[in-house]
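Student: Pasting in a structure now, in structure tokens, and then I'll have a few things to ask.
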């Protein structure tokens, strides 16, 4: 799948939707709950994941994988957790700033 | 990333939370999102190539901004205060655009392209437009075209792409991080980068925006109290009017957690009085440019509090713009491009994902991504950035670079002076000489000789104005930037 900046991706099995902030610099398989994510416009059977014990993927959080360089923003939350080539993708920490506007 | 995603996420997460209040009308996030999508379809059905907004702050403004983004069209806010002969060429330069306006008559516009802004709030508007919105808007597309205030000449069209503005928002704002009761009072004009950045940040954080169509100090204070405003942003002229109205009595605005200011240099006496009158409010100085998608540096509440408490280092830093945001790099260079050391003043260069540095006529960013701000400044040993002013405004007297702002600050501290402008006038012997134009406070008077002596006492003699004149008022842009070329023309004329 061609992952470019601005692309919208979705989990075929749960409600997670993602937007690509930074495309990967090397090919990577991005999964949600172990299932490879698809183009958001593609068919999504929505059967759900068997393991929903974690915190899943949280709306408004940025997830960045250092090895491949991919960074996504979660636009819709869901129980599936993200992984890049099997590696857990951590939340990219944001430093809270005082409100300037 | 596309700007419309910011609203889409808030609408699907926060749904019925109030998003925008203007007059007696409040729209929820879901309502705003629905209105923006309807308008996007309408704009596309009209064959628009862009969306021009010509009007004051109003609930129709966010609908138009996000409507343009959903349609994948550039949003082009124009200064509604411009005279016909200035407005017409800007309207004509955007001929294919639909024009959102307060009245049907817009100079230079094709009447078929004009949409009254009140109709944007009307559910009937565009119900017939059966057009699918684009599924993908390229982050490289132009999201906003902003005409810079042009204090040094004709306005230039700055281009901000979706990726610049979204980098600023997702890099500095926590999604849905605002408490439901938070509300931001907005009086900066919609055609200014601060008004746009403010809209995007507040919508992403889930904070309600309360718009005032125009600024009035009493209405502003009343609105803070009545609407329980928690955040407000002002330009220096507005804060000066509020301080003047309060006349030493406390602001009585307990809900106001943060008051941020920017858009032009804040006179220190105004800031010091405001710090005293707004008890319990955190002050934030935000510095940025149109070309940098607004704020790139912040001086936060702790710095203001320390200065107010008398800390000598913090007092000096009260005239700084604070530290640059994470993700922004800053360099100070001399005229030849040589990197300058800590404390040395020179030209300020910026780099970062939110920095566009691009105009309709082309990009001014260099091969390494650095944008020349054309501001002069310096950085202290703890990374606080001090901005002296526009490089073009620097007075060069006998080879010495003199920042007008330093002299203006000294003049404004004089008890008889309400406002001051300092410019360089051509001089055969010195290259340039320093001239000051001052506005006296009502009911007091001071002579040129007294002011001259006062300046000699507080400034080096090379910085003492050679010529001082009095005027009833000074020319400013609506955001409070001094129009020095008009001051100079007046002196030379």
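Chains as they are written, first to last, in our numbering: chain U, 1 to 101; chain C, 102 to 594. All C-beta atoms in this analysis are idealised placements derived from N, C-alpha and C, irrespective of residue type, glycine included. On a predicted model such as this, the values are computed, not experimentally measured, just so you know.
Considering Cα atoms alone, identify which of 148/C, 132/C, 173/C is closest to residue 161/C.
Tutor: As a working note, residue 161/C is residue 60 in the second chain. That would be 132/C, whose Cα lies nearest to the Cα of residue 161/C.
Student: If you drop the 5 nearest sequence neighbours on each side, which residues of the same chain put their C-beta closer than 6 Å to that of residue 538/C?
Tutor: Within the second chain, residue 538/C is the residue found at index 437, counting from 1. Excluding sequence neighbours, residue 538/C sits near 522, 570, 572, 588.
Student: Opposite residue 577/C in the DSSP bridges: which residues?
Tutor: Taking the second chain and counting its residues from 1, one reaches residue 577/C at position 476. Residue 577/C is bridged to 583/C.
Student: Which residues, taken in chain order from the segment 248-279 of chain C, show a beta carbon closer than 9 Å to some beta carbon of chain U?
Tutor: Correct list: 263, 264, 267, 268, 271, 272, 273, 274, 275, 276, 277, 278, 279.
Student: Could you give the first and the last residue of the continuous alpha helix (DSSP H) run that contains residue 144/C?
Tutor: Mapped onto the second chain, residue 144/C falls at position 43. 130-146 is the span of the alpha helix (DSSP H), which, as asked, contains residue 144/C.
Student: Using a Cβ-Cβ distance under 8 Å, would residue 82/U count as near chain C?
Tutor: Along the first chain, read from residue 1 onward, the residue named residue 82/U stands at position 82. Not one chain C Cβ lies under 8 Å of residue 82/U.
Student: Could you check where the alpha helix (DSSP H) with residue 305/C kicks off and where it finishes?
Tutor: Stepping through the second chain from its first residue, residue 305/C is reached at position 204. Segment 294-306, the alpha helix (DSSP H) holding residue 305/C.
Student: Just reading off the alpha helix (DSSP H) that residue 323/C is part of, what are its end residues?
Tutor: Residue mapping note: residue 323/C aligns to position 222 of the second chain, counting from 1. Residue 323/C -> alpha helix (DSSP H) spans 318-327.
Student: Does the segment 283-299 of chain C touch the segment 440-448 of chain C, meaning 3 or more C-beta pairs lie closer than 8 Å?
Tutor: Segments in contact, no.
Student: Pairing CB atoms from the segment 453-462 of chain C with CB atoms from the segment 500-520 of chain C, are three or more of them under 8 Å?
Tutor: Contact fails: fewer than three Cβ-Cβ distances are below 8 Å.
Student: Taking Cβ-Cβ distances shorter than 8 Å, what residues in chain U pair up with residue 404/C?
Tutor: Reading the second chain from its first residue, position 303 is the one you call residue 404/C. Within chain U, no residue comes near residue 404/C; the closest Cβ sits about 10 Å away, beyond 8 Å.
Student: Give the secondary structure of residue 416/C by DSSP, where H, G and I count as helix, E and B as strand, and everything else as coil.
Tutor: To locate residue 416/C, count along the second chain from 1; it is residue 315. Here residue 416/C sits in helix by DSSP.
Student: Whose C-alpha, out of 356/C, 412/C, 292/C, 351/C, is nearest the C-alpha of residue 364/C?
Tutor: Walking along the second chain from the start, residue 364/C turns up at place 263. Out of 356/C, 412/C, 292/C, 351/C, 292/C has the C-alpha closest to the C-alpha of residue 364/C.
Student: Are residue 141/C and residue 234/C close, meaning C-beta to C-beta below 8 Å?
Tutor: The sequence position of residue 141/C within the second chain is 40, counting from 1. The sequence position of residue 234/C within the second chain is 133, counting from 1. The answer is yes: Cβ separation under 8 Å.
Student: I'd like to know whether the C-beta atoms of residue 64/U and residue 89/U end up nearer to each other than 8 Å.
Tutor: Looking up residue 64/U in the first chain gives position 64. Looking up residue 89/U in the first chain gives position 89. In contact: residue 64/U and residue 89/U (Cβ atoms closer than 8 Å).
Student: Could you check whether the Cβ of residue 355/C sits closer than 8 Å to any Cβ belonging to chain U?
Tutor: Residue 355/C sits at position 254 when you count from the first residue of the second chain. Answer no: the Cβ-Cβ gap between residue 355/C and chain U never drops below 8 Å.
Student: Is the Cβ of residue 240/C closer than 8 Å to any Cβ of chain U?
Tutor: Here residue 240/C refers to the residue found at position 139 when the second chain is read from its first residue. Interface residue, yes.
Student: For residue 115/C and residue 108/C, I'd like the C-alpha separation in whole angstroms.
Tutor: Taking the first residue of the second chain as 1, we reach residue 115/C at position 14. Taking the first residue of the second chain as 1, we reach residue 108/C at position 7. Distance between the alpha carbons of residue 115/C and residue 108/C: 10 Å.
Student: So, with DSSP's three-state summary, where would you put residue 605/C?
Tutor: Any property of residue 605/C remains undetermined from this structure, which presents chain C solely from 102 to 594.
Student: According to DSSP, which residues form a beta bridge with residue 63/U?
Tutor: If you number the first chain from 1, residue 63/U lands on position 63. Beta-bridge pairing links residue 63/U to 72/U, 91/U.
Student: Going by the DSSP bridge assignment, what does residue 247/C pair with across the sheet?
Tutor: As a working note, residue 247/C is residue 146 in the second chain. Bridge partners of residue 247/C: 259/C.
Student: For residue 450/C, I'd like the list of residues in its chain whose CB is within less than 8 Å of its CB, leaving aside the five on either flank, ordered along the chain.
Tutor: On the second chain, position 349 is the one that residue 450/C refers to. 431, 432, 433, 434, 471, 472, 473, 474.
Student: With which residues is residue 571/C paired in a DSSP beta bridge?
Tutor: Counting from 1 along the second chain, the entry for residue 571/C is found at position 470. Paired residue(s): 539/C.
Student: Restricting to Cα atoms, I'd like to know which of 176/C, 205/C, 391/C, 165/C is closest to residue 195/C.
Tutor: The residue you call residue 195/C lines up with position 94 of the second chain. Closest by alpha carbon: 176/C.
Student: What does the alpha-carbon distance come out to for the pair residue 46/U and residue 14/U?
Tutor: The residue you call residue 46/U lines up with position 46 of the first chain. The residue you call residue 14/U lines up with position 14 of the first chain. Distance between the alpha carbons of residue 46/U and residue 14/U is about 5 Å.
Student: Looking at chain U, is there any beta carbon in it that lies within less than 8 Å of the beta carbon of residue 158/C?
Tutor: In the second chain, residue 158/C corresponds to position 57, counting from 1. No, residue 158/C does not count as interfacial toward chain U.
Student: For the alpha helix (DSSP H) holding residue 161/C, just list the boundary residues, first then last.
Tutor: Numbered from its first residue, the second chain carries residue 161/C at position 60. Looking at the DSSP string, the run of the alpha helix (DSSP H) that includes residue 161/C is 161-172.
Student: State buried or exposed for residue 267/C, treating a residue as buried only when at least 16 other CB atoms are found within 10 Å of its CB.
Tutor: For this step, residue 267/C is matched to residue 166 along the second chain. Under this definition residue 267/C is a buried residue.
Student: If we count Cβ pairs, one from each stretch, closer than 8 Å, do we get three or more for the segment 61-81 of chain U versus the segment 22-42 of chain U?
Tutor: With the cut-off at 8 Å, the segment 61-81 of chain U and the segment 22-42 of chain U touch.
Student: Would you kindly work out how many angstroms separate the C-alpha atoms of residue 311/C and residue 501/C, rounded to a whole number?
Tutor: Stepping through the second chain from its first residue, residue 311/C is reached at position 210. Stepping through the second chain from its first residue, residue 501/C is reached at position 400. Whole-angstrom Cα-Cα distance: 47 Å.
Student: Answer yes if the segment 146-166 of chain C comes into contact with the segment 199-206 of chain C, meaning at least three C-beta pairs across the two stretches below 8 Å, and no otherwise.
Tutor: Touching, per the Cβ criterion.
Student: How many Å lie between residue 174/C and residue 552/C at the Cα?
Tutor: Within the second chain, numbered from 1, the residue matching residue 174/C stands at position 73. Within the second chain, numbered from 1, the residue matching residue 552/C stands at position 451. About 54 Å.
Student: Does the Cβ-Cβ distance between residue 5/U and residue 240/C come in under 8 Å?
Tutor: In the first chain, counting from the first residue as 1, residue 5/U sits at position 5. In the second chain, counting from the first residue as 1, residue 240/C sits at position 139. Yes, they are a contact pair.
Student: What span of residues does the alpha helix (DSSP H) with residue 371/C cover, start to end?
Tutor: Sequence index remark: in the second chain, residue 371/C carries index 270 (1-based). Counting along the chain, the alpha helix (DSSP H) containing residue 371/C begins and ends at 369-378.
Student: Is the segment 351-369 of chain C in contact with the segment 330-342 of chain C, if contact means three or more CB pairs nearer than 8 Å?
Tutor: Contact between the segment 351-369 of chain C and the segment 330-342 of chain C is present, because at least three Cβ pairs lie under 8 Å.
Student: Closer than 7 Å, Cβ to Cβ, to anything on chain C: give me those residues from the segment 45-72 of chain U, in chain order.
Tutor: Cβ contacts with chain C come from 59, 60, 62.
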